[in-house]
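Below, the structure written as C-alpha coordinates:
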(Lines of atoms letter the chains of each structure in order from A and count residues from 1; the text may use other names and numbers.)
(Lines give C-alpha, C1' and ligand atoms only; values in the text may rest on other atoms or scores of the structure.)
Protein backbone atom coordinates (compact mmCIF):
# COMPACT_ATOMS: atom_id res chain seq x y z
CA UNK A 1 0.00 0.00 0.00
CA UNK A 2 1.40 3.36 -1.01
CA UNK A 3 1.73 6.05 1.65
CA UNK A 4 1.50 9.60 0.34
CA UNK A 5 3.58 11.96 2.52
CA UNK A 6 4.09 15.72 2.69
CA UNK A 7 7.04 16.99 4.74
CA UNK A 8 6.57 20.64 5.72
CA UNK A 9 9.86 22.52 6.23
CA UNK A 10 8.87 26.05 7.34
CA UNK A 11 10.96 29.22 7.56
CA UNK A 12 9.86 31.44 10.46
CA UNK A 13 12.26 34.31 9.75
CA UNK A 14 9.43 36.82 9.37
CA UNK A 15 7.45 35.66 12.42
CA UNK A 16 7.57 37.72 15.62
CA UNK A 17 5.57 35.57 18.05
CA UNK A 18 3.75 32.29 18.60
CA UNK A 19 0.54 33.42 16.90
CA UNK A 20 2.42 34.42 13.73
CA UNK A 21 4.34 31.15 13.72
CA UNK A 22 1.11 29.18 13.99
CA UNK A 23 -0.59 31.17 11.25
CA UNK A 24 2.41 30.59 9.00
CA UNK A 25 2.19 26.82 9.44
CA UNK A 26 -1.58 26.87 8.95
CA UNK A 27 -1.10 28.71 5.64
CA UNK A 28 1.28 25.95 4.50
CA UNK A 29 -1.28 23.35 5.52
CA UNK A 30 -3.94 25.22 3.54
CA UNK A 31 -1.80 24.77 0.42
CA UNK A 32 -2.35 21.00 0.73
CA UNK A 33 -6.13 21.23 0.40
CA UNK A 34 -7.62 18.82 -2.13
CA UNK A 35 -4.64 16.45 -2.16
CA UNK A 36 -4.97 12.77 -1.29
CA UNK A 37 -2.67 12.40 1.72
CA UNK A 38 -1.73 9.80 4.30
CA UNK A 39 0.82 11.65 6.44
CA UNK A 40 1.83 15.28 6.92
CA UNK A 41 4.83 16.08 9.12
CA UNK A 42 6.04 19.19 10.99
CA UNK A 43 9.31 20.05 12.80
CA UNK A 44 10.45 20.46 16.40
CA UNK A 45 9.07 23.20 18.69
CA UNK A 46 7.91 25.17 15.67
CA UNK A 47 5.22 27.11 17.53
CA UNK A 48 7.68 28.61 20.04
CA UNK A 49 11.10 28.29 18.37
CA UNK A 50 13.74 25.99 19.83
CA UNK A 51 16.11 28.77 20.91
CA UNK A 52 13.43 30.96 22.49
CA UNK A 53 14.01 29.46 25.93
CA UNK A 54 12.51 32.41 27.82
CA UNK A 55 9.20 31.75 26.05
CA UNK A 56 8.93 28.06 26.89
CA UNK A 57 6.89 28.55 30.07
CA UNK A 58 4.45 31.06 28.58
CA UNK A 59 3.98 29.05 25.37
CA UNK A 60 3.56 25.68 27.07
CA UNK A 61 0.25 23.88 26.43
CA UNK A 62 -1.55 20.91 27.93
CA UNK A 63 -2.39 18.21 25.41
CA UNK A 64 -6.04 18.18 26.50
CA UNK A 65 -6.30 21.97 26.26
CA UNK A 66 -4.14 23.06 23.34
CA UNK A 67 -5.13 25.69 20.80
CA UNK A 68 -2.37 24.44 18.52
CA UNK A 69 -3.46 20.79 18.66
CA UNK A 70 -7.12 21.67 18.24
CA UNK A 71 -6.37 23.40 14.94
CA UNK A 72 -4.17 20.57 13.70
CA UNK A 73 -6.87 18.08 14.63
CA UNK A 74 -9.25 20.00 12.38
CA UNK A 75 -6.84 19.69 9.45
CA UNK A 76 -6.40 15.95 10.10
CA UNK A 77 -10.17 15.43 9.94
CA UNK A 78 -10.70 17.73 6.97
CA UNK A 79 -7.86 16.22 4.92
CA UNK A 80 -8.46 12.64 6.17
CA UNK A 81 -4.76 12.27 6.93
CA UNK A 82 -2.43 11.48 9.79
CA UNK A 83 -0.59 14.59 10.99
CA UNK A 84 2.68 14.36 12.85
CA UNK A 85 2.40 17.65 14.69
CA UNK A 86 6.12 18.00 15.32
CA UNK A 87 6.80 18.93 18.91
CA UNK A 88 5.51 21.51 21.34
CA UNK A 89 6.33 22.54 24.89
CA UNK A 90 3.91 20.45 26.91
CA UNK A 91 2.89 21.36 30.46
CA UNK A 92 2.18 18.27 32.57
CA UNK A 93 2.12 17.75 36.34
CA UNK A 94 4.22 20.84 36.95
CA UNK A 95 6.90 19.88 34.43
CA UNK A 96 7.64 20.98 30.87
CA UNK A 97 8.37 18.47 28.10
CA UNK A 98 9.39 18.56 24.44
CA UNK A 99 6.42 16.51 23.23
CA UNK A 100 5.51 15.27 19.75
CA UNK A 101 2.03 14.05 18.83
CA UNK A 102 0.76 11.86 16.01
CA UNK A 103 -2.87 12.52 15.08
CA UNK A 104 -4.92 9.94 13.18
CA UNK A 105 -7.35 10.62 10.34
CA UNK A 106 -10.14 11.38 12.83
CA UNK A 107 -8.00 13.96 14.58
CA UNK A 108 -7.56 11.76 17.65
CA UNK A 109 -4.19 11.37 19.36
CA UNK A 110 -2.69 8.11 18.11
CA UNK A 111 0.61 8.54 19.97
CA UNK A 112 2.59 11.02 22.04
CA UNK A 113 6.33 11.04 22.55
CA UNK A 114 8.30 13.06 25.11
CA UNK A 115 11.87 13.72 23.96
CA UNK A 116 14.28 11.49 25.84
CA UNK A 117 17.62 13.10 25.00
CA UNK A 118 17.52 16.81 25.86
CA UNK A 119 20.21 19.02 24.34
CA UNK A 120 22.66 20.69 26.74
CA UNK A 121 25.50 21.88 24.51
CA UNK A 122 25.15 25.69 24.22
CA UNK A 123 21.45 25.11 24.95
CA UNK A 124 19.13 25.55 27.92
CA UNK A 125 16.72 22.82 26.84
CA UNK A 126 18.09 20.27 29.31
CA UNK A 127 17.83 22.79 32.17
CA UNK A 128 14.26 23.90 31.46
CA UNK A 129 12.58 20.72 30.27
CA UNK A 130 12.08 17.27 31.77
CA UNK A 131 13.25 14.25 29.77
CA UNK A 132 10.84 11.58 28.60
CA UNK A 133 11.49 7.95 29.43
CA UNK A 134 9.76 5.78 26.82
CA UNK A 135 10.55 4.90 23.21
CA UNK A 136 7.29 5.04 21.27
CA UNK A 137 6.08 2.89 18.36
CA UNK A 138 2.48 3.02 17.14
CA UNK A 139 0.39 1.04 14.66
CA UNK A 140 -1.14 3.13 11.86
CA UNK A 141 -3.19 2.10 8.86
CA UNK A 142 -0.05 2.27 6.70
CA UNK A 143 2.42 0.54 9.05
CA UNK A 144 4.27 0.69 12.36
CA UNK A 145 5.79 4.09 13.10
CA UNK A 146 8.38 5.12 15.70
CA UNK A 147 8.82 8.69 16.91
CA UNK A 148 11.99 10.56 17.88
CA UNK A 149 13.15 14.17 18.19
CA UNK A 150 16.28 15.90 16.87
CA UNK A 151 19.15 15.14 19.32
CA UNK A 152 17.76 11.60 19.72
CA UNK A 153 19.31 10.90 16.30
CA UNK A 154 22.73 10.72 17.97
CA UNK A 155 21.66 7.75 20.12
CA UNK A 156 21.28 4.60 18.02
CA UNK A 157 20.18 2.54 21.04
CA UNK A 158 16.82 4.32 21.06
CA UNK A 159 16.22 3.41 17.43
CA UNK A 160 17.24 -0.21 18.04
CA UNK A 161 14.66 -0.39 20.84
CA UNK A 162 12.04 0.80 18.35
CA UNK A 163 13.23 -1.81 15.86
CA UNK A 164 12.65 -4.48 18.50
CA UNK A 165 9.08 -3.14 18.70
CA UNK A 166 8.69 -3.98 14.97
CA UNK A 167 9.00 -0.42 13.64
CA UNK A 168 8.88 0.08 9.86
CA UNK A 169 9.34 3.86 9.69
CA UNK A 170 10.82 6.52 11.97
CA UNK A 171 9.37 10.03 11.98
CA UNK A 172 11.65 12.71 13.37
CA UNK A 173 10.87 16.29 14.39
CA UNK A 174 13.97 18.50 14.42
CA UNK A 175 15.33 22.00 14.60
CA UNK A 176 18.85 20.97 13.66
CA UNK A 177 21.38 23.80 13.18
CA UNK A 178 23.01 24.59 9.85
CA UNK A 179 26.40 24.49 11.59
CA UNK A 180 26.03 20.70 11.88
CA UNK A 181 23.96 20.06 8.76
CA UNK A 182 26.21 17.31 7.42
CA UNK A 183 25.85 15.42 10.70
CA UNK A 184 22.06 15.60 10.28
CA UNK A 185 22.29 14.03 6.82
CA UNK A 186 24.61 11.33 8.13
CA UNK A 187 22.53 10.40 11.18
CA UNK A 188 19.29 10.23 9.18
CA UNK A 189 20.79 7.83 6.67
CA UNK A 190 22.58 5.79 9.34
CA UNK A 191 19.50 5.32 11.55
CA UNK A 192 17.47 4.20 8.51
CA UNK A 193 20.15 1.88 7.12
CA UNK A 194 21.20 0.14 10.35
CA UNK A 195 17.57 -0.58 11.23
CA UNK A 196 16.43 -1.31 7.65
CA UNK A 197 13.57 1.13 8.14
CA UNK A 198 12.16 4.16 6.38
CA UNK A 199 12.92 7.50 8.01
CA UNK A 200 11.14 10.84 7.57
CA UNK A 201 12.91 13.80 9.19
CA UNK A 202 11.33 17.24 9.29
CA UNK A 203 13.52 20.22 10.11
CA UNK A 204 13.04 23.97 10.24
CA UNK A 205 14.52 26.31 7.62
CA UNK A 206 15.89 29.84 7.84
CA UNK A 207 18.01 31.58 10.43
CA UNK A 208 20.35 29.11 12.12
CA UNK A 209 18.29 26.06 11.08
CA UNK A 210 19.73 23.65 8.51
CA UNK A 211 16.65 22.67 6.55
CA UNK A 212 17.64 19.42 4.80
CA UNK A 213 14.39 17.63 5.69
CA UNK A 214 14.43 14.21 4.07
CA UNK A 215 12.85 10.84 3.36
CA UNK A 216 15.25 7.86 3.51
CA UNK A 217 14.54 4.27 2.48
CA UNK A 218 15.59 1.11 4.40
CA UNK A 219 18.77 0.83 2.30
CA UNK A 220 19.88 4.27 3.46
CA UNK A 221 19.12 5.92 0.13
CA UNK A 222 17.70 9.45 -0.03
CA UNK A 223 14.30 9.37 -1.72
CA UNK A 224 13.60 13.08 -1.27
CA UNK A 225 15.41 15.97 0.38
CA UNK A 226 14.94 19.71 0.82
CA UNK A 227 17.68 22.30 0.68
CA UNK A 228 18.09 25.13 3.16
CA UNK A 229 14.97 27.08 2.13
CA UNK A 230 11.30 26.64 3.03
CA UNK A 231 9.75 23.78 1.11
CA UNK A 232 7.05 21.12 1.19
CA UNK A 233 8.50 17.77 0.11
CA UNK A 234 6.16 15.30 -1.61
CA UNK A 235 7.06 11.63 -1.40
CA UNK A 236 5.27 8.32 -1.85
CA UNK A 237 6.53 5.15 -0.17
CA UNK A 238 5.33 1.63 0.60
CA UNK A 239 6.20 0.61 4.16
CA UNK A 240 5.92 -3.08 3.26
CA UNK A 241 9.19 -2.55 1.36
CA UNK A 242 10.95 -2.45 4.75
CA UNK A 243 9.86 -6.00 5.55
CA UNK A 244 10.64 -7.12 2.00
CA UNK A 245 14.20 -5.74 2.21
CA UNK A 246 14.72 -7.38 5.62
CA UNK A 247 13.76 -10.75 4.12
CA UNK A 248 16.10 -10.26 1.15
CA UNK A 249 19.04 -8.96 3.21
CA UNK A 250 18.35 -10.10 6.79
CA UNK A 251 20.81 -7.92 8.69
CA UNK A 252 18.34 -7.05 11.45
CA UNK A 253 17.48 -10.74 11.80
CA UNK A 254 21.15 -11.47 12.45
CA UNK A 255 21.37 -9.18 15.49
CA UNK A 256 23.06 -11.03 18.36
CA UNK A 257 24.04 -10.03 21.87
CA UNK A 258 27.71 -9.14 22.18
CA UNK A 259 29.30 -9.92 25.55
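Numbering (our numbering), first residue to last: 1 to 259. Idealized CB from N, CA, C, for every residue including glycine. Quick caveat: nothing in here was measured; it's all calculated off a predicted structure.
Query	Result
Beta strand (DSSP E) runs wholly inside the segment 9-93, at least 3 long, in chain order	39-41, 82-92
Presumed contact (8 Å Cβ cut-off) between residue 209 and residue 183, rounded CB distance	The pair is not a contact, with the Cβ atoms about 14 Å apart (cut-off 8 Å).
Endpoints, the alpha helix (DSSP H) within which residue 330 is located	Nothing can be reported for residue 330: it is not among the residues displayed for the chain, which extend from 1 to 259.
Endpoints, the alpha helix (DSSP H) within which residue 178 is located	Unbroken run through residue 178: none, as it is neither H nor E.
Local Cβ density within 10 Å of residue 207, reported as buried at 16 or more and exposed below that	exposed
Nearest candidate by alpha-carbon position, reference residue 252, set 34, 165, 151, 92	165
Residues near residue 69 by beta carbon distance below 6 Å, same chain, minus five either side	none
Other residues of its chain near residue 128: CB distance less than 7 Å, five sequence neighbours each side excluded	53, 56, 96
Through-space distance from residue 231 to residue 215, alpha-carbon basis	13 Å
Boundaries of the alpha helix (DSSP H) in which residue 160 is found, first to last residue	156-164
Proximity below 8 Å, CB of residue 116 to CB of residue 152	yes
Buried versus exposed call for residue 58 [16 or more other C-beta atoms within 10 Å across all chains shown]	exposed
CB contact flag (residue 61, residue 16, <8 Å)	no
Cβ pair residue 236, residue 81 closer than 8 Å	no
Helix, strand or coil at residue 105 [DSSP, three-state]	coil
Close Cβ partners of residue 136 (< 7 Å) along its chain, the five nearest in sequence each way excluded	111, 113, 146, 147
Sequence-distant residues of its chain with Cβ nearer than 6 Å to residue 67 (five each side left out)	none
Residue 144 - containing alpha helix (DSSP H), residue span	Segment 143-149 is the beta strand (DSSP E) holding residue 144; no alpha helix (DSSP H) there.
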